[in-house]
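Colleague:
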Amino acid sequence: MDSAGRKTVRGSVLALASDYENLVLEPVLKEFEKRYKVNVSITYMGPADLVRELGKGSTEYAAFWPADSLWFSLADKTGAVTHAASIMTSPVIFGIKKSIADTLGFTGRKVYAADLLKAIKEQQLQFIMPSPVQTTAGACAYAGLLTALADDLSRESLHSGILRNTMREFFQGVSRSAGSGSSGWLTELFLRADYGALVSTEGALIELNNGLLTQGREPLHLVYPEDSLLFADFPLGFIGSPGSGTEAAFLSLQQYLLSPKVQQKIRELGRRSPAGEIPGNMDDTVFNPAWGIRSDLSSSTQRPPADILKEALTLYQTEFKKPSFTVFCLDFSGSMKGKPAEMLKQAMVSLFGQERAHTFITPAGDNDITVIFPYNERLLDRWFTIGNNPLESADLLQKIGALSPSGQADMLPPVLEGLALMAETPTIGEYLPSLILITGGSGGTIDAYRDLQTLRNRYNIDIPVFSIAVGEAETEQLEQFSLLTNGRTFDGRKDLSYTLQRAKGYN
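All the letters of the sequence shown, read from the start, carry residue numbers 730 to 1236 under the working numbering.
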């Protein structure tokens, strides 16, 4: 854009809703703001939140930047998004420890979805896979796998017994899942724990390998499934008024991001051009061929139509994925009196009320196990349910609604009992387990934390604790739970219903 064009947009404000995956480009956006005197006001969201915001019909944002166009196809029913253009691409692939990839014969040759399925069925491959309903990497991997493993993907074939059994077999290989906004967290998790494989974008795996090398650890070999490969295409689209100054600011940003100099900066961050290319003169320290990175890639895999994709996401949650085994430890001590307790009860309604749950694309599965432990200084009760029976869900919500906060808080007994309950379940390997702790108080001693570590060592378990702070909760204590269990701590004070949905997305 020439100097006259820059004067036109100077002083403009562009409200942008962006996927967390674009955080890596913040320095580039800051440079644009400085150069063009435009204030780009960014709110980062997960894909499900972008879909929900765009689908409202009226929004405060003038531009949307998801990590893949499949989210536009789900949300934009009226064609409101204009000027949409891919800014960069990153193939969604498997990162597998080099030693494991060598053993599986996945190095030095092309790998197909059937090869991955065979390794899973032979119990030679387990991996972390982000949730398809809450993350772009998960959704792209899932859409590609459906296309490869279904003879002819349609609404009818989605419900075939053969495809259902095949997808269930494939997802038996998932050892951990992750929800919205988890890309950076998964990198941190992989760097502090010992996992063998991860599904993610190529760009995120490049960053992870650099971290592994810094620690002196074995890098991941990047595997590109030939028949199920999708490139996340990061489209930037406009939804504001045509002919406005905001539109001019948007077009200036888009043109800036697609300019040759900025595209070079984006490639240096491990992302490819919109066409999926890597220039022949690209520094191998970024796209390192020793890691299995391929420059000869193209994606012929088609994204499913929106109606099939939406149905497929529901089927993933209710039928295809490993069922969830979730223990909820709910604080009903005196520290939760007033607003915190009401927020907690409403958040549980948002999760277990079937109509509300479907609006978040997170319905309960037929075989999900749910355990509720309300507590104060003692366990107040123990409630169990299996599946998604509306009557049982309503009964749970009625019981939770009848609770009144009182007494002191001691979070450790329910946490220890919940972890032991899951660890002692003989079939726990067939589930994605997690413990979700919602608390507004404190509680615990050094000895009790040692008890938690002792319990984990005794059972040799990998069951994460996801802690949600409300009220006056001490997040430092909760963070210790997270670090000990490879879990995560969330702040639910602003919107507990949303935060609980995020935490539940991890299994």
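Note that beta-carbon positions come from the ideal geometry of N, C-alpha and C, so glycine has one too. Given the structure is predicted, the values throughout are model-derived calculations rather than measurements.
Going by the CB atoms, is the gap between SER909 and ALA777 shorter than 8 Å?
Modeller: The residue labelled residue 777 in the question sits at position 48 within the sequence shown. The residue labelled residue 909 in the question sits at position 180 within the sequence shown. The answer is yes: Cβ separation under 8 Å.
Colleague: Looking at the unbroken beta strand (DSSP E) that takes in ASP1060, where does it start and where does it end?
Modeller: The residue labelled residue 1060 in the question sits at position 331 within the sequence shown. Unbroken beta strand (DSSP E) run through ASP1060: 1053-1060.
Colleague: Closest to PHE761 by CA distance: which of ALA877, THR895, LYS994 and ALA830 is it?
Modeller: Reading the sequence shown from its first residue, position 32 is the one you call residue 761. Per the Cα distances, LYS994.
Colleague: Could you say if the segment 1093-1103 and the segment 1053-1061 meet the contact criterion of at least three C-beta pairs nearer than 8 Å?
Modeller: Using a C-beta cut-off of 8 Å, the segment 1093-1103 makes contact with the segment 1053-1061, since at least three inter-stretch Cβ pairs fall below that distance.
Colleague: Tell me whether PHE967 sits in a helix, a strand or coil according to DSSP, three-state version.
Modeller: Along the sequence shown, read from residue 1 onward, the residue named residue 967 stands at position 238. Of the three classes helix, strand and coil, the one that applies to PHE967 here is strand, per DSSP.
Colleague: Over the uninterrupted beta strand (DSSP E) stretch that includes GLY1143, give me the two end residues.
Modeller: Walking along the sequence shown from the start, residue 1143 turns up at place 414. Residue identity check: residue 1143 is Pro in the sequence provided, not Gly. Per DSSP, PRO1143 belongs to no beta strand (DSSP E); it is in the alpha helix (DSSP H), 1141-1152.
Colleague: So, with DSSP's three-state summary, where would you put ALA879?
Modeller: Here the question's residue 879 lines up with position 150 in the sequence shown. Looking at ALA879 - three-state DSSP - the assignment turns out to be coil, as it is neither helix nor strand.
Colleague: According to the Cβ coordinates, are SER1163 and PHE1195 closer than 8 Å?
Modeller: Start at 1 with the first residue of the sequence shown, and residue 1163 comes out as number 434. Start at 1 with the first residue of the sequence shown, and residue 1195 comes out as number 466. Pairing SER1163 with PHE1195 gives a Cβ-Cβ distance under 8 Å.
Colleague: Of the residues GLY940, GLY1216, ILE1129 and SER929, which one's Cα is nearest the Cα of GLN1075?
Modeller: Start at 1 with the first residue of the sequence shown, and residue 1075 comes out as number 346. GLN1075 has its Cα closest to that of ILE1129, out of GLY940, GLY1216, ILE1129 and SER929.
Colleague: Inspect the beta-carbon positions of LEU743 and ALA814 and report whether they are closer than 8 Å.
Modeller: Here residue 743 refers to the residue found at position 14 of the sequence shown. Here residue 814 refers to the residue found at position 85 of the sequence shown. Not in contact: LEU743 and ALA814 (Cβ atoms no closer than 8 Å).
Colleague: Any idea which residues DSSP pairs MET858 with across the strands?
Modeller: Numbered from its first residue, the sequence shown carries residue 858 at position 129. SER906.
Colleague: ILE1007 by DSSP, collapsed to three states: which one?
Modeller: Walking along the sequence shown from the start, residue 1007 turns up at place 278. Correct three-state label for ILE1007: coil.
Colleague: State the start and end residues of the unbroken beta strand (DSSP E) segment that holds TRP1020.
Modeller: Numbered from its first residue, the sequence shown carries residue 1020 at position 291. Run containing TRP1020: none; DSSP gives neither H nor E here.
Colleague: Let's see if you can read the secondary structure: which residues bound the beta strand (DSSP E) around LYS766?
Modeller: Here residue 766 refers to the residue found at position 37 when the sequence shown is read from its first residue. That residue, LYS766, is in no beta strand (DSSP E); it is neither H nor E in DSSP.
Colleague: DSSP on PRO1193, reduced to helix/strand/coil?
Modeller: Working through the sequence shown from its first residue, we reach residue 1193 at position 464. Residue state, collapsed to three classes: coil.
Colleague: Around the Cβ of THR988, are there at least 16 other Cβ atoms within 10 angstroms (buried) or fewer (exposed)?
Modeller: Taking the first residue of the sequence shown as 1, we reach residue 988 at position 259. The question names Thr, but residue 988 is Ser in the sequence shown. SER988 comes out exposed.
Colleague: Note down the Cα distance separating ARG1179 from THR1030, rounded to an integer number of angstroms.
Modeller: In the sequence shown, counting from the first residue as 1, residue 1179 sits at position 450. In the sequence shown, counting from the first residue as 1, residue 1030 sits at position 301. So the two alpha carbons sit approximately 50 Å from each other.
Colleague: Measure the alpha-carbon distance for LEU920 versus LEU942 and round it to whole angstroms.
Modeller: The residue you call residue 920 lines up with position 191 of the sequence shown. The residue you call residue 942 lines up with position 213 of the sequence shown. Those two C-alpha atoms are separated by around 10 Å.
Colleague: Buried or exposed: where does ARG764 fall if 16 or more other Cβ atoms within 10 Å of its Cβ makes it buried?
Modeller: Here the question's residue 764 lines up with position 35 in the sequence shown. Per the 10 Å Cβ criterion, exposed.
Colleague: Please give me, in chain order, every unbroken run of the beta strand (DSSP E) with length at least 3 that falls completely inside the segment 1082-1133.
Modeller: 1098-1104 and 1112-1115
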